[in-house]
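Count along the sequence shown from 1, add 5, and you get the number used in this note's numbering. In this text, a Cβ means the ideal position worked out from N, Cα and C, and glycines have one as well. It should be emphasised that the depicted structure is a prediction, and the values quoted were computed from it without experimental measurement. Notes for the one structure printed next.
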Amino acid sequence: MTQKPKRLSLERLEARQCLAASTLVTLVRGSLIVRGTDAAESVWIAHDEAANRVEVRVRQAGEASEVGDRFQGYFETAGLRRIQVQLGGGDDALSIVSQDITKPLVINVDGGNGDDTVYLRAVGDVPAAASLAFDLLGGEGNDSITADEQGHLMGVTDFQIAGGNGDDSLGLSLVALSNQCPPIAKLSGDGGNDMLRVDFGASDGPIGLASHRGIIADGGSDQDTLTAPMDVVSRRVETHQSASSWRAFVNASVQPIIEEMANIGLFVGIVGSNGTRESYSFGAMNEADEPVTSHTAFEIGSITKTFTASLLADMVARGEVSLDDPVRLYLPADADVPRRGDRELTLLELATHTSGLPRDTHDFDRRFAAVLADIEAGQLSEEHLEALFTAEIARDWPRLRDDLKEITLDEIEHPPHMYSNLGMGLLGFALARHLTLTEFGAREAPIGSGAETASVNYESSIRNRILSPLGLRDIFQAITPSRESSIATGTAYDGETTTPPMLFDTLAGAGALRATGLDMLRYLDAQTGRFPSPLNAAIAATHEPRDQIEADPVPTSIGLGWFTAETPAGTIVGHNGATFGFQSEIRFNATTGAGFVVLMNST
6 MTQKPKRLSL
16 ERLEARQCLA
26 ASTLVTLVRG
36 SLIVRGTDAA
46 ESVWIAHDEA
56 ANRVEVRVRQ
66 AGEASEVGDR
76 FQGYFETAGL
86 RRIQVQLGGG
96 DDALSIVSQD
106 ITKPLVINVD
116 GGNGDDTVYL
126 RAVGDVPAAA
136 SLAFDLLGGE
146 GNDSITADEQ
156 GHLMGVTDFQ
166 IAGGNGDDSL
176 GLSLVALSNQ
186 CPPIAKLSGD
196 GGNDMLRVDF
206 GASDGPIGLA
216 SHRGIIADGG
226 SDQDTLTAPM
236 DVVSRRVETH
246 QSASSWRAFV
256 NASVQPIIEE
266 MANIGLFVGI
276 VGSNGTRESY
286 SFGAMNEADE
296 PVTSHTAFEI
306 GSITKTFTAS
316 LLADMVARGE
326 VSLDDPVRLY
336 LPADADVPRR
346 GDRELTLLEL
356 ATHTSGLPRD
366 THDFDRRFAA
376 VLADIEAGQL
386 SEEHLEALFT
396 AEIARDWPRL
406 RDDLKEITLD
416 EIEHPPHMYS
426 NLGMGLLGFA
436 LARHLTLTEF
446 GAREAPIGSG
456 AETASVNYES
466 SIRNRILSPL
476 GLRDIFQAIT
486 PSRESSIATG
496 TAYDGETTTP
506 PMLFDTLAGA
516 GALRATGLDM
526 LRYLDAQTGR
536 FPSPLNAAIA
546 ATHEPRDQIE
556 ADPVPTSIGL
566 GWFTAETPAG
576 TIVGHNGATF
586 GFQSEIRFNA
596 TTGAGFVVLM
606 NST
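Next up, the structure:
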């Protein structure tokens, strides 16, 4: 079992330093200081001011799980005003996520020698009473440095990014808003053939406001390239590329859909191979005709399965479960899980849709058949619709237990691939229950004891293990009062009828999540490895082909949750989703790092 992180108060840390294999982590007079070694290291820092907490993890580069952590701890940080990181030598990876700042905060990073990857992500607005300053220096080596702030900038912001010597890649991503304080920003390539990029990726299109002309891009010596909006960046580089290359293509692709479905709301997000983001929003998010933006939340349906698979991969990396474990081990004692003869269903089989389980429960099929019969008869029954829409929120453990008893499987050693919402939902429930019993307090209840299942919370498990480490606050399951105004309304197949929100209980892992376009683009960055995090190895494991689905015309396989296709352009990884009122898709080229996200509030 992984050792619980240390929790140290500000007062205790004022008087001590934490040494982890010569890596220094200390908090002194409001400054969190992390000093690395000459070895290659991965450092992850998560600062949440509202929660009065900062978490730090330091890991030997290449370690796949927390078992190899040099240091893992979280601290109370009411007085934190500065985060200072000196990476030292080695090819290091650093990610810093800072959330909900309300006071001045300065972040200093010195990459030192080596080819370093640095990604700084600020989550939330910068209010007028606060200020935010990034001072990021790559140092020697070929470094990749990205600063990502997509909130309203009402307070003073100062972003200074310098590559130092070497062929560096420097990126700044902001949102263009008319009511914000223009940022002070400079990207300096210094020596080497550098690639600089500036985008307003959460805006409608790639072009920022004229007030952002204070952004300076200076390539320094040698041959440098800038990708940025033509009219908002003061530049001194040898080559400049416009950042609006996808506008015409997106408009032409979306226009036929808009014409056919007048009430549709749609978000399209694109990440180029160099990391540049573009976002395009179309139509209305609800009946009040409020426009779709990158901060509008859509149901993402079966894309949820990729989060469930990431949770599985993370738990395997931590040694908490094994892919070959029978799912029975992690369910209540009264579970009667179907078998294929004497073969038990494993976690791997559920994650790859090779368990033999049907697509849905027989109960869901009966409800869906009733609605289809109504459609064919030309008269929809409100009773049948209500039964269908509430099928999953009503599927608590007793109902799911009874559903499983209805299923009989063929005695096959290796069933062919058969997509199963039931299988992935069962996997999510089993993993969340295991975490509930072992990590969130119920340690005295042995696995399989039939302990109370009402406390099993899929969203909490996903948030703690996947969303928080990636800085994805706006991917969620529960509809809370604070989120209601940002959630799009679904529309049925006829383009007219609005649909109620899709709600889940035990099978949440199959399709319960909602997400904004912005956070889905950030999720895409995590998949391509552009955002370094403690989950990099686990995420990469989900992409590995586990079972081939078809060989022609394109070799297609299933990994853990993700589908992969080998094409002349590279390995394409993706998943789509659909609920009663939404459609979604995420795809990326694992070879080049380019990808896209589409979210739509219509079926």
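Taking the CA atoms as reference points, asparagine 256 sits about 21 Å from alanine 302.
Annotation: the segment 491-543 contains the following complete segments of the beta strand (DSSP E) (minimum length 3 residues), in chain order: 519-521. Around the Cβ of valine 602, a 10 Å sphere holds 16 or more other Cβ atoms; the residue is buried. For glutamine 104, DSSP records a beta bridge to Asp53, Val128. Distance check between alanine 378 and each of Leu393, Asp365, Arg364 places Leu393 closest, using alpha-carbon atoms only. For aspartate 204, the enclosing beta strand (DSSP E) covers residues 200-204.
Note that the C-beta distance between arginine 62 and glutamine 77 is below 7 Å.
Measuring C-alpha to C-alpha distances from leucine 472 to each of Leu414, Thr413, Glu501, Gln532 identifies Gln532 as the nearest.
Of the residues assessed, threonine 521 falls on the buried side of the cut-off, its CB having 16 or more other CB atoms within 10 angstroms. CA-CA distance, histidine 157 to arginine 333, rounds to 48 Å.
Between the segment 28-47 and the segment 86-93 there are three or more C-beta pairs closer than 8 Å, enough to call the two in contact. Arginine 551 and valine 131 have their C-alpha atoms roughly 44 Å apart. In this structure, asparagine 594 sits near glycine 575, with a CB-CB distance shorter than 7 Å. Residue environment analysis places proline 234 among the buried positions, since at least 16 neighbouring C-beta atoms fall within 10 angstroms of its C-beta. Using a C-beta cut-off of 8 Å, the segment 483-491 makes no contact with the segment 394-411, since fewer than three inter-stretch Cβ pairs fall below that distance.
Taken through DSSP and simplified to helix, strand or coil, valine 559 comes out as coil.
With a cutoff of 7 Å on beta-carbon distance, serine 174 and aspartate 204 are scored as not near each other. Just measuring C-alpha positions, the residue of Asp294, Thr311, Ala51 sitting nearest glycine 514 is Thr311. Straight through space, the alpha carbons of alanine 356 and threonine 547 are spaced by roughly 9 Å.
By the beta-carbon neighbour count (other beta carbons within 10 angstroms, threshold 16), methionine 423 is exposed. Between glycine 197 and asparagine 170, the C-beta gap is smaller than 7 Å, which places the two residues in contact. The shortest CA-to-CA distance from arginine 202 to any of Ala222, Ile263, Phe369 is the one to Ala222.
Taking a contact to require three or more Cβ pairs closer than 8 Å, the segment 108-125 and the segment 135-152 qualify as touching.
Per DSSP, reduced to three states, the secondary structure at threonine 298 is coil, with no helix or strand assignment.
Rounded to whole angstroms, the separation of the alpha carbons of serine 286 and leucine 137 is 28 Å. Nearest in C-alpha terms to glycine 433, of all of Asn291, Met320, Thr230, Met525, is Met320.
Assigned with DSSP and collapsed to three states, alanine 374 falls in helix.
Here the alpha carbons of leucine 604 and alanine 56 stand approximately 31 Å from one another.
Contact annotation: arginine 86 and glycine 35 have beta-carbon atoms nearer than 7 Å. Taking a contact as a CB-CB distance under 8 Å, the pair glycine 176 and aspartate 199 does not count as one, their CB atoms being some 11 Å apart. In summary, histidine 419 is exposed, with fewer than 16 beta-carbon neighbours lying within 10 Å of its beta-carbon over all protein chains present. Rounded to whole angstroms, the separation of the alpha carbons of proline 187 and proline 474 is 29 Å.
Boundaries of the alpha helix (DSSP H) around methionine 429: 426-443.
Nearest to glutamate 464 by alpha-carbon distance, out of Ser607, Ala437, Ser562, is Ala437. Here arginine 470 carries a helix assignment [DSSP, helix/strand/coil]. A straight-line Cα-Cα distance of about 41 Å links proline 537 and aspartate 339.
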